[in-house]
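Contents: one structure, followed by commentary.
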Amino acid sequence: MELQVGWHRWDVTPKEAVEIQRELRSRVVLHPPPGLRVERIAGADVSTEKGRDTGYGGIVVLDVASLTPVAQAGSAVPLRFPYVPGLLSFRELPVVAEAWARLEVRPDVLIFDGHGIAHPRRLGIACHGGLLLGVPSIGCAKSLLVGKHGRLGEARGSTAPIIHKDEVVGMAVRTRKSVQPVYVSPGHLMDLPTAVEWVLRASPKYREPETTRHAHRMVNALRRADGEAAELG
DNA sequence: GCGACAG
DNA sequence: ATCTTGTCGC
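So for the first sequence, my numbering puts the first residue at 499; every next one is plus one.
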């Protein structure tokens, strides 16, 4: 079974990007590899600067029992694609892929900042990234791109299915009492219950998973350090 | 045509 | 996402 797909061009038009998404869609596997054992879980994120065109990427790998970092890698790559809702992966994945190439410790699961199949064409950045990197992946977003969901309880752990075009594409998950939920959906080599389970396990204290929080801090540090270096000449 | 729209 | 200070609520 092919867990990883070949690489495609990144210098594409939005129309071509949509076509690539349609082709990749059928390759997404919506169940975890049999016998998946998760010892390390990672988060990926990208930070951008207002006037500039550099994307700062980072992946932080955590020990799943302690949620402590065991490895990390960063990158700084020119952004070639604008932000277009539904085409986020074409802007951010080249940056994440560079960090992934430099990463020396592979995680068993990778959590993306954005959606998986909760996407207009069922190919959000978590699906696309999981396919290209060949890793089980989860989408965990802070807001909805498509779909709706009913009300959920105030308690941590409360959930409500995200429905789009009569399909369950994800789950709104309350990771902390009385705080806005996060939106979880499978990426690649993943199913919804397992995705929800890992997001909750990675978010014992704050709204967002520790994976995302670590990656977010890392890429912001990279961006600021680069900005200061530029100021000094 | 109008509204919505991950990061 | 980024630009930005203080401020309200648990």
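All C-beta atoms, glycine included, are put in the ideal place defined by N, C-alpha and C.
- Counting the other CB atoms within 10 Å of its CB gives M499 a total below 16, which places it among the exposed residues.
- In this structure, the beta-carbon distance from I557 to V503 does not fall below 8 Å.
- Separation of the CB atoms of S524 and I615 is rounded to 12 Å, and the pair is thereby denied contact status at 8 Å.
- For E665, the enclosing beta strand (DSSP E) has its first and last residue at 665 to 671.
- In this model, V559 and V694 are separated by some 19 Å (Cα to Cα).
- Counting C-beta pairs with one atom in each stretch, the region 694 to 705 and the region 660 to 674 have three or more that are closer than 8 Å, which means they touch.
- Distance from the CA of V562 to the CA of L687, rounded to the nearest whole angstrom, comes to 18 Å.
- Distances from the alpha-carbon of T709 to those of K513, P659, V568, L629 put V568 closest.
- A buried status is given to D611, since no fewer than 16 other beta-carbon atoms sit within 10 Å of its beta-carbon.
- Beta-bridge pairing by DSSP links L643 to no other residue.
- In this structure, the beta-carbon distance from D606 to V536 falls below 8 Å.
- Secondary structure note for P659: its beta strand (DSSP E) is the uninterrupted segment 657 to 662.
- Only residues of its own chain outside the window of five on either side were considered, and among them D551, T552, G553 have a CB closer than 8 Å to the CB of P576, listed in chain order.
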